[in-house]
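Numbering (our numbering), first residue to last: 34 to 199.
Think of the CB as a built atom: it goes at the ideal place given N, C-alpha and C, for glycine as much as any other residue.
Structure (structure tokens):
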């Protein structure tokens, strides 16, 4: 069973939720250069729905990042969003969800946002996705995403197997 993203009833609800989310303040020295340099190779895609307040908020933030760093942003339909979530075995569906993918490869996708977030946090997640898609070890990128977001959680380690004694 997949969990649905909690709907936001009003702009005030969304702003109250965002007020609890920490804003990224520290960025690596290559942050802006990486985002500008990788923009031609990647695309940001997000799911949306009519009347979705967080979708409109995230769209405006991604539009600002598009202007600042040159990344292309487009929307995708709910069917494609569900297929992607299922392909990645993600436990949630809904709107908005945003992904980064290489321009020529729709099957290599990294989720960067579930619901809306602060613009610096979205930029940080875009940076991490670009790094992961250009060679950063996946485990390093996933740890970074899990540290800063609710996109991925730390996977519990299985208990050591006890061998049966005769």
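Next on the checklist: Between which residues of its own chain and residue 88 is the CB-CB distance below 7 Å, once the five residues before and five after are set aside?
Outcome noted: Residues of the same chain with a CB within less than 7 Å of the CB of residue 88, apart from the 5 flanking positions on each side, are 81, 82, 128 and 129 in chain order.
Next on the checklist: My assumption, with CB atoms under 8 Å, is that residue 166 sits in contact with residue 143. Please give the rounded CB distance.
Outcome noted: That pair is a contact at about 7 Å.
Checklist entry - Where does residue 79 fall in DSSP's three states? => result DSSP places residue 79 in strand when its eight states are reduced to three.
Checklist entry - Do residue 68 and residue 136 have their C-beta atoms closer together than 8 Å? => result Contact check for residue 68 against residue 136 fails: the beta carbons are separated by 8 Å or more.
Checklist entry - Which word fits residue 154, buried or exposed, when buried means at least 16 other C-beta atoms lie within 10 angstroms of its C-beta? => result So residue 154 ends up on the buried side.
Item to check | Residue nearest to residue 164 in terms of C-alpha spacing, selected from 151, 51, 74 and 109 | outcome: Nearest C-alpha to residue 164: 74.
Next on the checklist: Please return the same chain residues whose Cβ sits closer than 6 Å to the Cβ of residue 71, not counting the five positions on each side in sequence.
Outcome noted: Non-local beta-carbon contacts of residue 71 in its own chain, meaning distances under 6 Å to residues more than five positions away in sequence, involve 163 in chain order.
Next on the checklist: Judging by CA-CA distance, which residue of 58, 96 and 103 is the nearest neighbour of residue 79?
Outcome noted: The shortest C-alpha to C-alpha distance from residue 79 to any of 58, 96 and 103 is the one to 96.
Item to check | Between the CA atoms of residue 52 and residue 109 - distance to the nearest angstrom | outcome: Going by the C-alpha atoms only, they are around 28 Å apart.
Checklist entry - From which residue to which residue does the beta strand (DSSP E) around residue 145 run? => result Run containing residue 145: 143 to 147, per the beta strand (DSSP E) assignment.
Checklist entry - Which runs of the alpha helix (DSSP H), 4 residues or longer, sit entirely within the segment 65 to 121? => result 86 to 102 and 111 to 120, all fully within the segment 65 to 121.
Next on the checklist: With DSSP as the reference, identify every bridge partner of residue 135, one or two as the case may be.
Outcome noted: 75, per the DSSP bridge assignment.
Item to check | Cross-strand partners of residue 54 (DSSP beta bridge) | outcome: Answer is none; residue 54 lacks a bridge partner.
Next on the checklist: Restricting to Cα atoms, I'd like to know which of 90, 61 and 60 is closest to residue 46.
Outcome noted: The shortest C-alpha separation from residue 46 is found at 90.
Next on the checklist: By alpha-carbon positions, which one of 84, 86, 99 and 44 ends up nearest to residue 65?
Outcome noted: If you compare the alpha carbons of 84, 86, 99 and 44 with that of residue 65, the shortest gap goes to 99.
Next on the checklist: I'd like to know whether the C-beta atoms of residue 145 and residue 104 end up nearer to each other than 8 Å.
Outcome noted: For residue 145 and residue 104, no; Cβs fall outside 8 Å.
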